[in-house]
Every structure is written in structure tokens, then in C-alpha cells.
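Written below as C-alpha cells is the structure these notes are about.
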């Protein structure tokens, strides 16, 4: 067709010349009638006329102010307003097509391309005699600006390609439709734009004075060319301008250099040994393929031209290097791009192209990529992000609610990485009709809206763990094609049997991110009440006698806190009233995202919560009262659905009216509450009232129970029984009428802006590495591209109504990563470095919450992390300087492994307990023993260890259970906070074992406080988090929420450390032992003693009434960590057990 078209074009040119001669005779008549004589052709130029038929007529449709490119094949384009500055980021995930596809919309509709030749570089070498001039062309298209370098021959080649294209389009097609279109196109009298006129005079014949004129001619040619839609959208024009489908995508940053290169297959090799032999071998054995190379601000990627599919992405990191030349690459005109993950060897056409690519990539590494190519604090992969918006979450209720709201706001991408993920987890509770806030349903809803969901799961060793990640993958993947799940690692091929992907993260549109210790799985959702029971059904609370009622306190603090509860009550009523009576308490808030979604259950007295009562409905359906007074909620445990009844309750309605009157009465006083003075800081809320305390609406109505919060396997007690049959999510694994659940205490965090993009970058690196290992040729699993950091703070906003109150601080993302987990050649242990640095530089106190405390002295051959050594040195320094210095360590009383201590089933529990005690107080390497050896007479003056425990009633029977501390938190001096997924052990901190993620937050916003008895400028983020945790552990969030005269501002003062914290922990532990005879206990030093201890019943069994009297003295959940528990026994796995066959590194 091209040959025929060329012939036809030549015939037309000959015919037009004859017609022109015939028209000369009538030219005078045309002038006399006012016409103008047709301009004669300039022999030095060649005009490039538009095709006689508009090739875009079938593709372009004009509809109002929108210009849409219809989908043809796999090339689906975005709908953008006219004059838009970029394509939507969703274009990255749209089906792609060949870069040579004609008339593909690669430039912004109705947005001009401005062309300017800014300089001419003359090459005097003998290699460019015919084309000595190199034209530097600057182009601007919307908000994008870039430059290219071209010689005259490149313009000439483009011109010839477009001539052939025009000739091909001029061939008449034998259809009536095309004939009509061609005729109308020729007869169209619309004024034409200036035609591109190509200068034909060879460059070698130009004088020095004519070079600038030639530059102006080529600039005019190119400017007029890109104004013709058919030529502008031609693939050869796009290649000339270095434009692809990823050039003008919002979120990918400025337009960088692009172009065709040859890429060597298996380009993970570099020249080694004899360069000549290397060159010969790879020239003969390797395949070179054309690839479209694209440079972005912090990464390099390449695309397969024949279908436009991204084939790989290289992130700029501290190993990023660009080398060129034969000696470095073994290839003429070769370019070797290296990072910590891989090597990329490409070959350019000319030496100039090689040099330009090298200079451009090196410049990017020094400028926009500097944050990742230069060393960062703690040797982290990401730098400190100043003035970041961030916040913390205590326990799973608020965290899951914020995650649910953020997912619901996603528009482009959702990234999730978890150690364990259960699709049927409810993020807001109680459940609402249609399971709107169930994780799998929520992700399916977003996927149906076009959001791309990417999930990374830890692939467990099935013989060791029952988390069944395969079920999670299959369950989510079946909901929608837009949800992609990968599991890693493959144990047999990778040889990774002992280590895990332990980080937990959720990223929304690469703008807002969550991290911490909370997986989206069973057993994690909880609030500060840490309920032990969840039997469902309406139960009337036991009446509290006058002797049991708390003493009346008319202080300002109590009135203020009553105001908070009443204000919360009013908000719930208002939000519930608009949505009807069917959704129950919290359901309306959950449905519209306006409320805090915190489940009910906070009572006015600890004894009145969760009392046993008669169940109104048994069997598979549990009945719950609707909070707004209209109907009953039935929860189908098997199907996880909600059924709504019609019966009303006048008592509930009257209680709500009473709550309104209470609110109105106290509002007047609220206006006069002092807020700014230092004396009132102790009783003021550190966060908005709706976030400080859960609602006590159930208790105000005299009801207890309602709908279940923990359906099916979400009701867990990991010590009593580990999970099984995860694929049957709504079948209980324990009898909730007999066994209390194990409460879960955890900490999460959220960041936005550049810090969130750093977390997204970590996910992208992990995803791309997993794809390379497991799905390299599987195009349904795409390569991911990190978004640009340009203007990230302007676009990274989420409403505080969705995620809670945000703080402003300096944030840095840290991680533990190595070759097996992320594919990097180095080992990153920046979390460990941050812990050490902040411990060493602590001035007043350190507060730690962690699942483990496994850390021995420096030089120990078994445990390598230096947390214990840093704590020892800092405490020793404080002792020698006679300085008040405190270290609080809150951890689980026992590890959460199924089994019973002292039996064959408790070997795993005992193994972890051994290493915890070896680090705390047993042996010469423990921190307590080392401090005593260093002549510190009372180490507990500086450091002490604590746990959490809760009591309750189940069907009238007193019960207790430890609160499992799963947090990974350290707060230093109310200034620095580290929140993440890393435990204090070698697995999490060394970098080469488990993969982890954390954020270190340095406060920049300050508030007036007290430290060691002096006025102190505390950070808002760290200070608010620490004080709220103290309130929770000391029971100051229960009841009316007042501090009861307890000053929690100063964690260093002896009046608080000894007089409140340690005294409360010791008293609570004594009461629990007296009432329940629970373990661990200092009274149990041997296994024989354990059997004797547990054989003796406690007050809970012998005298329940007296036990209740004793338990009223329990304040909060804080208890002492027993240091002498089984002190005379060896807790290491006994020879012959399967645990003894495991390497020690598995436990440490």
C-alpha cells in the first residue's frame, strides 16, 4: 500500500504542476476580482500537507467540553476536561497497546505543544561531516517541559515517514462512507493552519551565518507539524518527541528522558574478568530486544514497544549507579544502570545517546532522587520528612475504623501487606446490614469502582502455622479481577523456612498510609475496655447497691468528663436517628463514616459490665437491642448477616431523651471550663472527645450485650486454642459461654504526604521483587510504579473525620529488609539503629510496649541486637550521675502460643518465656543482674517490667485473662516515638531475618508540661499518646473518665513512678492472685509448685461475693511482671522434643 500510495502521490504532484501552468493564464483575472495570486512553491522547501481524509474521524467524538478517545482494542483512554494538565494516574493500570499504534492519544487533548530551538551545538569532528549541527529543542506541553537534541537527519527521517503516512492515507478505500468523508474533507473551506515546510538544502552546504536561520526554519516546521492532529498523533512524531503513554500521567512527576534502546536479556550481569571474552560470550549468547526506556524522578522503567507493557522498574536507592563505556559494560555504546536490586544493561545507537542518557540519569540521582541515593539517618532507605501529618491509634477499634474510612475514600490504588489477613474481618462494629464494612466486601466495592487493589501476604510454613494464606488469597481474588494477591516467600525454591514478612501496612492512593502492629485478621479488633466476653443477646445489668456505688465527686474534672460522655451520647443519637431504626448502635455512624464507630460497652462501674443474664434467644441467631429504640438485631453466626426485627422499646427511647436533657444541662458549664492553664492539663483530653473514650450508651440504657462484636473465629484465645479451619470463618473455635476471649492491646499509626509515599515505595519494591520471583511473565500481575514526590503534600490530604485528629511532626520510615525479603543486596536494620540512638540519647524516661523483650549483653553469641546493652549503659549513666531516669516496659505476661505451662503442650510458651526472663532478670546477661553487678542496689528504681490483666463475669462466674500486649512502641522524653511492627528480638531487628516496617516521629509542635518536677516543653504527638496509654492502663478512661487526682503528666517523678504506677501494678497483681490464683506468679518457682498452686482454689470459687469486693480495688489493667515465676526450672525445650530440633534463632 505504501508503494502504491507513493506512486499516486507522485502522479498528483505531476498533475498539480500541469494544473498550475494552466492556471497562470487566468491569474490576472483573479487579481482583478480582488483575489490573490497563489504563492509559488519555494524549491528550498517541501510542504507537508495534511492527509486528504482525517484519520481521527472515527476516534474522536466531541461531547460538550470533554474530548474522549474511544476504546479500540486494548487501548482504553481517560476522559479528561479540556485544558487539563495531565492524564489521570489510573492510566498506568489501563490495558496498553503497541507504541506504534497509529492515532493513539498520547498527548493532552486541546493542549498545544510549544516548540523552541534554544541553541545549536556544532560538531567539528569527522564523524558528523554531513550533519554537523545538533539542535537543542525545548518543548512545553501543559505543565510538562522537557528538551531533546536532534540533528537535521532526524528531522529528515521524520518528514519522510510522515510523507509515506500521508500517501498511505490518500489511497481511496472502496466504501461509500470513506468516499463521502474524503469529498467533504476536500470541499471544507475552513481556514487551514500554516503547513509544515521542510527545508531541503543539505546541512553541509550551509554557511555559518545560515545555521541560525536553519534553526528557525526547523522550529517553524516542527511547530506547524504538531498542530496537525494526524501528524501530531503519528507514532513517528511521538518517538521523535520522546513521548509515550506514560509521559503526561499525573502522579509520575515531571517528564523525563525517554527513547528506544536495546536491552540485553537477563540483564542482571555485568562485565567481569576478561572484558573481551565477556563481550564475545554475551554478544553470541545473549538476545538484545528493543525497549522504550523511561526515566522518572525517582525510578527508571522500560516498556515493551510491541504492546506497551511495563517490563521492569528500577528504583533509585543508595546503590544506584550509572556506568557507560566498553570497559564497564562490555558493549559498544553500552549503559549499565545498577541499584541494590538488579543491573540493567542497555545499548544505545550512538555514543552521543549513551552520554546523554548517562548525564540525565546521574542528574536525576543528584536532584529528585537524592532522598534515596544519598545516605539517610539510621542508614534508612528513606529520609526524614519534615512537617508530616500523622497520628497514632491505641487498640484495633479506632485503627480499623480509620482504615475502613480511608479504603472507602480510595480512588486509584490500595496497597495492603500483612503477616496474616482474614477477608471476613469486620473493620467497624457492630456489623451493619449488607456487611458494608467487612474487609472483603469493602475491597470488592472499591474494585468494582475501578480501584486497583494489590495485596502481599506472608506465605506461611503450613506445618507450623494455621493462618491459611492460600484461602485468603483465593477468597479475595474471587471477588473481582482488580484485586491482585501475591504470597511470598516460596519456601522450597527460596530456602526461606524460618523468617517471615512481618510488616503490616495499608496505603491509599500512595497518599495516606497506616502501619504498626495490627494485622487485618481475627482477634485484633479491640478497644480500651478489653472485654473478656461476647455472648450476644440482651442482658439486664445487675443493680449496684449503694455500698458499691462510687463516691460522689463534684470536682471540675468530673463534671467535665461527664460532659464528654453526654456529648458523645448526643452525637450517637443524632447520627442514628437519620438512618432509621434497623442498624443498631454505631451502625449509622459506621455507614456514613461520620461517627467514631466505637462499639458500646463502657459502663459506669467495672462490676456492672458484662454481668451474666438470661439470653432471650439461643441457637444460631443472637439478638441485640437497637440503640435508637426501634427493633431488634439478629446476627446470623453462620452467614455473618444481620436480620432486623420490628419490636420497639419505649424504655430505650426515654433513656435517650434523658441523655439529651443531661447534655443540655451540662453544656452551660462547659463554656466556662478552663483549658489553657498548666494546672488543668492533667484532666484535659489529649485527643477529641469522641476518640478518647468509648460510648457507654448500653449502660445508660441499662442494657448489656446487644449484637456480637466478635463473630465466629474472631472470638479468640490463642493460649487456650490456636486457630483451625480458617476457611469456616463464622464457626466458633472456643465455647464463648465457657472460655473468655483474650483481649488484644496494640498500637498503630498513620502518616500522609511524603512519608506515606515512602511506605508505598517499600510496598512497590516488595511487590516488584515478588513479581520478578514468582510472576515475571504473568501480565495479570503488573509492575508497580512509585509516585513522584513533586507537590505530594498538596495532594495528600484525608479529612480528619475519616482518620481522626492529625498531628504535625517530622517522620521517617524505617524498616528491616534484606535480599530474601525485598531483593536488595544490602541489609537494612534502620529500626534497630533508631532504637539504639534514641535510647542512648534519652534524657528523662523511656516507655516501651512490646510483644517480646529478648536482648542480651553485647558480645553474646546467641542474641545479637543491642537494645539491652543500650538500656544498661543509659541506666548506668543515670545512676552514676544521680539522675532520675525511668524505663517502663509493658509486655505480655505469657506468650500467645497454644498450650499449658508445665505440660508437653507448653514447650513453645516456655521457650519464649525463657528468653524473655534471660533478658530481664535471669543470668549474667540479663539487664537486672548486670545492673546489680555494676553496683546499682535497686535496679527497679530505674527499670521495671509490667503486664496487663482483665477480670469480668461470664454468666455470673468471675473470670480473668491476660491482656495480650502486641504493641511495638517506644516513647522517649515525650519527644520521640517509634511505632511499627518490629519486636524487641533478633528476628525483627537484625534486618536479615523478618521484614519489618516502622515510623520514628520527632515532635515539632510543643505544649507545656512537667518533667522531673520542672516545667517542660513536651511534644504533642508523643505526650498525648503516652498520657492516653497511662489513662488506659491505670483505669482512668473507665467510668466518668476523671483522673481522680492522679497527675499523669510527669512520668519521672517518684510520686507517680512509685506512688501511682508501680503501686497500682503491685496491688492489682496481688488481688488477681488472691482471687483467681492466676499465673505467672512469683509464688510459683517450680513445676511441682505450679501444680500445687493451681490446685488451690481462689476467692472467685470459694467466696464470690468477697472476691467481688476485692476486685473493686483493681484499678485499670496494669499488673507487675512476676520475676520469680519458674525461676528454679529450665524452660528451654527438652531434648527429644520437636522444639529442641529447631535452631535457637527461631525463638530469638
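Residue numbers (my numbering): 1486 to 2633.
We put the beta carbon where it would ideally sit given N, CA and C, even for glycine.
Practice item. Output yes or no for whether 7 Å exceeds the beta carbon distance between residue 2316 and residue 1992. Key: Using a Cβ distance threshold of 7 Å, residue 2316 and residue 1992 do not count as a contacting pair.
Check your understanding: If we ignore side chains and look at the alpha-carbon of each, how far apart do residue 1615 and residue 1686 end up?
Key -> C-alpha separation (whole angstroms): 12 Å.
Check your understanding: Can you tell me where the beta strand (DSSP E) with residue 1582 in it begins and where it stops?
Key -> That residue, residue 1582, is in no beta strand (DSSP E); it is neither H nor E in DSSP.
Review point. Residue ranges of each alpha helix (DSSP H) run of no fewer than 4 residues wholly in the stretch 1838-1905, ordered along the chain?
Key: Entirely contained in the stretch 1838-1905, the alpha helix (DSSP H) runs reaching 4 residues are, in chain order, 1855-1858 and 1881-1893.
Check your understanding: Which term fits residue 2536, buried or exposed, when burial requires 16 or more other beta carbons within 10 angstroms of its beta carbon?
Key -> Buried: at least 16 other Cβ atoms inside 10 Å.
Exercise for review: Reducing DSSP to helix, strand and coil, say where residue 2595 ends up.
Suggested key: If DSSP states are grouped into helix, strand and coil, residue 2595 belongs with the helices.
Practice item. Determine the closest residue to residue 1895 out of 1931, 1867, 1908 and 1866, with distance taken between C-alpha atoms. Key: The shortest C-alpha separation from residue 1895 is found at 1931.
Review point. How about residue 2454 and residue 2464: are their beta carbons less than 7 Å apart?
Key: Yes. Within cutoff.
Point to revise | Rounded C-alpha distance that separates residue 1581 from residue 1833 | key: Cα-Cα distance, rounded: 25 Å.
Exercise for review: List in chain order: all unbroken beta strand (DSSP E) runs of 3+ residues lying wholly within the stretch 2267-2334.
Suggested key: Counting only runs of 3 or more, we get 2292-2302.
Exercise for review: Just tell me which of 1827, 2368, 2432 and 2240 has its CA closest to the CA of residue 2379.
Suggested key: Nearest of 1827, 2368, 2432 and 2240 to residue 2379, Cα basis: 2432.
Exercise for review: Could you tell me the boundaries of the beta strand (DSSP E) in which residue 2402 lies?
Suggested key: Note, residue 2402: premise wrong, no beta strand (DSSP E); alpha helix (DSSP H) at 2392-2405.
Review point. With respect to the alpha helix (DSSP H) encompassing residue 1624, which residues constitute its N-terminal and C-terminal limits?
Key: In the DSSP annotation of this structure, residue 1624 is not part of any alpha helix (DSSP H); the continuous beta strand (DSSP E) holding it starts and ends at 1618-1626.
Point to revise | Beta-carbon proximity of residue 1988 to residue 2303, cut-off 7 Å | key: Judged by beta-carbon spacing, residue 2303 lies beyond the 7 Å limit of residue 1988, meaning their Cβ atoms are not closer than that value.
Point to revise | residue 1935 classed as buried or exposed, judged by whether at least 16 other C-beta atoms fall within 10 angstroms | key: Here residue 1935 is exposed. Its C-beta has fewer than 16 other C-beta atoms within 10 Å.
Review point. Would DSSP call residue 2558 helix, strand or coil?
Key: In this structure, residue 2558 counts as helix in the three-state DSSP scheme.
**Study point:** Strand pairing of residue 2487, partner residues [DSSP]
**Key:** Its beta-bridge partners are 2295 and 2461.
Check your understanding: Considering only the beta carbon of each residue, do residue 2507 and residue 2490 sit closer than 7 Å?
Key -> The beta carbons of residue 2507 and residue 2490 sit no closer together than 7 Å.
Check your understanding: At what residues does the beta strand (DSSP E) containing residue 1631 begin and finish?
Key -> Note, residue 1631: beta strand (DSSP E), 1629-1636.
Check your understanding: With 16 other CB atoms within 10 Å as the buried threshold, where does residue 2581 fall?
Key -> It is exposed - the Cβ of residue 2581 has fewer than 16 other Cβ atoms within 10 Å.
Practice item. Determine which residues share a DSSP beta bridge with residue 2202 and list them. Key: Answer is 2206, bridged to residue 2202.
**Study point:** Close Cβ partners of residue 1965 (< 7 Å) along its chain, the five nearest in sequence each way excluded
**Key:** When the five nearest sequence neighbours on each side are left out, the beta carbons in the same chain lying within less than 7 Å of the beta carbon of residue 1965 are those of 1929, 1932 and 1933, in order along the chain.
Check your understanding: Between the Cα of residue 2500 and the Cα atoms of 2521, 2523, 2613 and 2459, which residue gives the shortest distance?
Key -> Across the set 2521, 2523, 2613 and 2459, the C-alpha of 2459 shows the shortest separation from the C-alpha of residue 2500.
Check your understanding: With 16 other CB atoms within 10 Å as the buried threshold, where does residue 1836 fall?
Key -> With a threshold of 16 other beta carbon atoms within 10 Å, residue 1836 falls short and is exposed.
Review point. Between residue 2473 and the rest of its own chain, which residues show a CB-CB distance below 7 Å, the 5 nearest in sequence each way excluded?
Key: The residues are 1987, 2301, 2467, 2479 and 2481.
Practice item. Measure the alpha-carbon distance for residue 2180 versus residue 2334 and round it to whole angstroms. Key: Bear in mind that the predicted position of residue 2180 carries a pLDDT of just 42, short of 50, making it unreliable; the figure below should be weighed with that in mind. One C-alpha to the other measures close to 26 Å.
Exercise for review: Scan the stretch 1773-1802 and note each continuous beta strand (DSSP E) run of 3 residues or more that stays entirely inside, going in chain order.
Suggested key: List check, beta strand (DSSP E) in window: 1773-1780, 1784-1789 and 1794-1800.
Check your understanding: What three-state label does DSSP hand residue 1684 in the structure shown?
Key -> It is a strand residue.
Exercise for review: Flag this pair as touching only if the stretch 2236-2251 and the stretch 1893-1913 have three or more C-beta atom pairs under 8 Å; answer yes or no.
Suggested key: Under the Cβ criterion (8 Å, minimum of three pairs), the stretch 2236-2251 counts as touching the stretch 1893-1913.
Check your understanding: When the Cα of residue 1641 is compared with those of 1631, 1681, 1656 and 1630, which residue comes out closest?
Key -> In terms of Cα proximity to residue 1641, the closest of 1631, 1681, 1656 and 1630 is 1681.
Practice item. Compute the Euclidean distance between the alpha carbons of residue 1819 and residue 1811, then round it to the nearest angstrom. Key: Taking the straight line from one Cα to the other gives about 7 Å.
Point to revise | Sheet register partners of residue 2235 (DSSP bridge) | key: Checking the DSSP bridge columns, you'll see residue 2235 partnered with 1876 and 1999.
Point to revise | CB contact flag (residue 1826, residue 2309, <7 Å) | key: Taking 7 Å as the cut-off, the Cβ atoms of residue 1826 and residue 2309 count as close.
Check your understanding: Quick one: is residue 2253 buried, meaning 16 or more other Cβ sit within 10 Å of its Cβ, or exposed?
Key -> If you draw a 10 Å sphere on the C-beta of residue 2253, you find 16 or more other C-beta atoms in it, and that means buried.
**Study point:** Separation of residue 2020 from residue 1913, as counted between CA atoms
**Key:** Taking the straight line from one Cα to the other gives about 18 Å.
Point to revise | Neighbour-count burial assignment, residue 1785, 16 or more Cβ in a 10 Å radius | key: Flag for residue 1785 reads buried.
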